[in-house]
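Take a look at the structure below.
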Amino acid sequence: MKVEDVKKICVMGAGLMGNGIAQVCAQAGYEVTMRDIEDRFVENGLNTIKKNLSRGVTKGKMTQEQMNQVVNRIKGTTDLKAAAFNADVVIEAIIENRDLKRKVFEELDEICKPECIFASNTSSISITDMASATKRPEKFIGMHFFNPVPVMRLVEIIKGYDTSEETYEFIDELSKKLGKETVLVNEAPGFAVNRLLLPFLLEAIFTLQEGVTTVEDLDKAISLGLNHPMGPLTLLDFVGLDTALFIADYMYSEFQDSKYRAPTLLRKMVRAGHFGRKSGKGFYDYTKKPPEPHQFR
Ligand code: CAA
Ligand code: NAD
-1 MKVEDVKKIC VMGAGLMGNG IAQVCAQAGY EVTMRDIEDR FVENGLNTIK KNLSRGVTKG
59 KMTQEQMNQV VNRIKGTTDL KAAAFNADVV IEAIIENRDL KRKVFEELDE ICKPECIFAS
119 NTSSISITDM ASATKRPEKF IGMHFFNPVP VMRLVEIIKG YDTSEETYEF IDELSKKLGK
179 ETVLVNEAPG FAVNRLLLPF LLEAIFTLQE GVTTVEDLDK AISLGLNHPM GPLTLLDFVG
239 LDTALFIADY MYSEFQDSKY RAPTLLRKMV RAGHFGRKSG KGFYDYTKKP PEPHQFR
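If you count the sequence shown from 1, position 145 lands on 143 in this note's numbering, and the numbers rise without skipping.
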């Protein structure tokens, strides 16, 4: 399949990443289906997209008419068959769970047309492992977007063991059509970016856990001392503590290296349902006044 033949993209998951991916695909002119497991998740995803696009209208980056056209290109649904039917590309952005992702791809393999390309937005999980749940491993690839998707310019492209050169070139070109820069990464747990980012984020939690400094001062130190747009604890709240724990546990199980060991504090917070921004509480309390990412700059 050629990128110019792509008409319909199916995005699996309407969460933080799924709705951002659906938005950039619709902005690039594609017909998009965005599938989640419950209506309220689909609705949340659609509302986030509308809120983000409205900000663009207010800032004069697009007209109301252009925004309506983008919104009309996105169909939210809980129906897997309707979402995947006749899709040219599936981009999967469900929770970071290896067994669940394999199960979803196994189902999609039965529904999707044979030429449909499967891309996973996983943060860490083996592309080869997920591809082996399908009968199309040569058409399976990692397409790792960054949060927030409409703003972050990178897509890490990860080839699995059997990914064809044709599939790689297709996803590289598609990513560029979505307005992204790409890097090609050979398969390894966490690929390139999260291999470096995770030890940094986990060490921030150890630093807090050991009482070296406070939440606010640690974020302030990194924002001002290293010129990062967000301190690591703000970033963890932004990424989702549940997702960060999934990634850490997966990378630890693969590398058996203490660099990826999750701090007890992170595990406790996730067990308590404090997932960060998306649940209202993490290292900061978003039910009160949410801290601005640039609060220290
Ligand atoms: N969704 C969509 N757009 C958003 C947004 C969001 N959540 N937050 C901000 N924006 C947009 C704003 O509308 C604004 O757009 P324009 O330039 O078109 O006006 C732009 O982003 C800048 O926003 P602000 O001026 O309000 O705020 P800022 O300058 O502080 O930037 C930020 C916000 C881009 C999020 C910045 O804080 C940042 O870059 N943070 C770090 C993000 C990061 O590291 N992401 C990677 C996470 S790790 C990952 O994704 C991989 C993984 O597997 C876990
Ligand atoms: P999220 O928790 O915000 O959203 C995940 C969504 O998947 C939820 O709405 C959930 O209901 C849905 N879901 C679960 N099972 C499903 C199924 N069978 N079919 C359809 N939807 C299903 O998580 P997220 O942050 O959007 O992460 C999604 C994926 O993107 C993960 O693999 C994650 O590692 C990766 N990722 C996350 C970030 C980040 O910063 N959060 C960055 C890059 C990549």
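C-beta atoms are modelled at their ideal positions from N, C-alpha and C, and glycine is treated no differently.
Beta carbon of residue i nearer than 8 Å to that of residue j
i	j	result
A129	D86	no
A190	E154	yes
T165	K133	no
E229	P148	It is Gly, not Glu, that sits at residue 229 in the sequence shown. Not closer than 8 Å, so no.
L106	A82	yes
F236	G274	yes
M10	A20	no
V22	G74	no
I139	V183	no
A202	L224	no
V55	Q62	yes
A260	L199	no
K349	G238	With the chain covering -1 to 295 only, the question about residue 349 has no answer from this structure.
I72	I109	no
M141	I169	yes
E113	A131	no
F281	V213	yes
The beta strand (DSSP E) enclosing residue i, as first and last residue numbers
i	result
C23	Premise fails: C23 lies in the alpha helix (DSSP H), 14 to 25, not in any beta strand (DSSP E).
A91	Unbroken run through A91: none, as it is neither H nor E.
N192	First-last for N192: 191 to 207, but that is the alpha helix (DSSP H), not the beta strand (DSSP E).
I362	Residue coverage of the chain in this structure runs from -1 to 295, which leaves residue 362 outside it and unanswerable.
G74	72 to 75
Heavy atom of ligand 1 within 7 Å of residue i beta-carbon
i	result
F144	yes
S121	yes
V237	yes
K59	yes
M150	yes
R265	no
R53	yes
Burial state of residue i (16 or more Cβ within 10 Å)
i	result
R269	exposed
I93	exposed
I35	exposed
S118	buried
V210	exposed
L14	buried
M267	buried
Q25	buried
G58	exposed
T241	buried
E90	buried
N70	exposed
S251	exposed
heavy atom of ligand 2 below 7 Å from residue i C-beta
i	result
T241	yes
N45	no
V94	The residue asked about is misnamed: residue 94 is Glu in this sequence, not Val. Yes, Cβ of E94 sits closer than 7 Å to a heavy atom of ligand 2.
D34	yes
M15	yes
M10	yes
A297	Nothing in the structure corresponds to residue 297, since the chain is present only between -1 and 295.
L98	yes
I245	yes
F189	no
P210	In the sequence on display, residue 210 carries Val and not Pro. Not so, every heavy atom of ligand 2 lies at least 7 Å from the Cβ.
F83	no
V181	no
K279	no
F204	no
Boundaries (first-last residue) of the alpha helix (DSSP H) holding residue i
i	result
N45	37 to 56
K59	Element bounds for K59: n/a, residue is neither H nor E.
V237	230 to 237
L78	78 to 82
A129	125 to 129
S162	Neither: S162 is in no alpha helix (DSSP H) and is coded neither H nor E.
T312	There is simply no residue 312 to check, as the chain begins at -1 and stops at 295 in what is shown.
K6	Premise fails: K6 lies in the beta strand (DSSP E), 6 to 10, not in any alpha helix (DSSP H).
L216	213 to 224
Chain E within 8 Å of residue i, Cβ atoms only
i	result
C8	Considering every chain present, this structure includes no chain E. It has just one protein chain.
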